[in-house]
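Please read the structure below before turning to the comments.
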Amino acid sequence: KMVQAGTPEVIYQQPQTLWASSFVGEANHLSVEWEKTSLKSPFGFLDVPAEIGKETRILMVRPEDFILVSAPDDEANGIVKTVEFSGAAQTVGVELKSGEKIQVSGSPHLLWNLEDPVKIT
2 KMVQAGTPEV IYQQPQTLWA SSFVGEANHL SVEWEKTSLK SPFGFLDVPA
52 EIGKETRILM VRPEDFILVS APDDEANGIV KTVEFSGAAQ TVGVELKSGE
102 KIQVSGSPHL LWNLEDPVKI T
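One rule links them: number in the numbering used here = place in the sequence shown (from 1) + 1.
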């Protein structure tokens, strides 16, 4: 069964299903819900076009699209749980204050320790 047609770049950047988003690469899937005119996410409120509909949504974010910075506990929205090096990149596993777990890809030159408080944007 074909779930989406397109070039690899289009499917990677604009997947139409959860399955397609994970088939072509790593993806974080986060629960979001409507609150008034915005979607509430673990990172705050997101303004989106109303025409996408009001049912509960899943936010898909690629690991390389997050920005991870060190933060004091009172500003942090996550805690480093894992760090994996793989050549020119590292993957940092973060547990968000919401309890959801995400993967963040970034430079191997930034050193993270387990349990570091971080802010993700």
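For each residue, glycine too, the CB sits at the ideal point set by N, CA and C.
Beta carbon proximity, residue i to chain C, threshold 8 Å
i      : result
Gly-94 : The structure shown contains no chain C, having only a single protein chain.
Three-state secondary structure assigned by DSSP to residue i
i      : result
Leu-19 : helix
Glu-76 : coil
Val-81 : strand
Phe-24 : helix
Phe-46 : strand
Val-70 : strand
Where the beta strand (DSSP E) through residue i begins and ends
i       : result
Pro-64  : Segment: none, Pro-64 is in no beta strand (DSSP E) and carries neither H nor E.
Glu-96  : 90-97
Pro-118 : 118-121
Gln-104 : 102-107
Start and end residues, alpha helix (DSSP H) containing residue i
i      : result
Ile-53 : Taken as a continuous stretch (DSSP letters only), Ile-53 belongs to no alpha helix (DSSP H), as it is neither H nor E.
Glu-36 : Note, Glu-36: premise wrong, no alpha helix (DSSP H); beta strand (DSSP E) at 29-36.
Val-11 : 9-14
Alpha-carbon to alpha-carbon, residue j and residue i
i      : j      : result
Ala-89 : Lys-37 : 42 Å
Phe-44 : Lys-2  : 35 Å
Val-93 : Ile-59 : 21 Å
Val-11 : Gln-5  : 10 Å
Val-33 : Ser-39 : 10 Å
Short Cβ contact (8 Å threshold) for residue i with residue j
i      : j       : result
Ala-28 : Arg-63  : yes
Val-84 : Lys-120 : no
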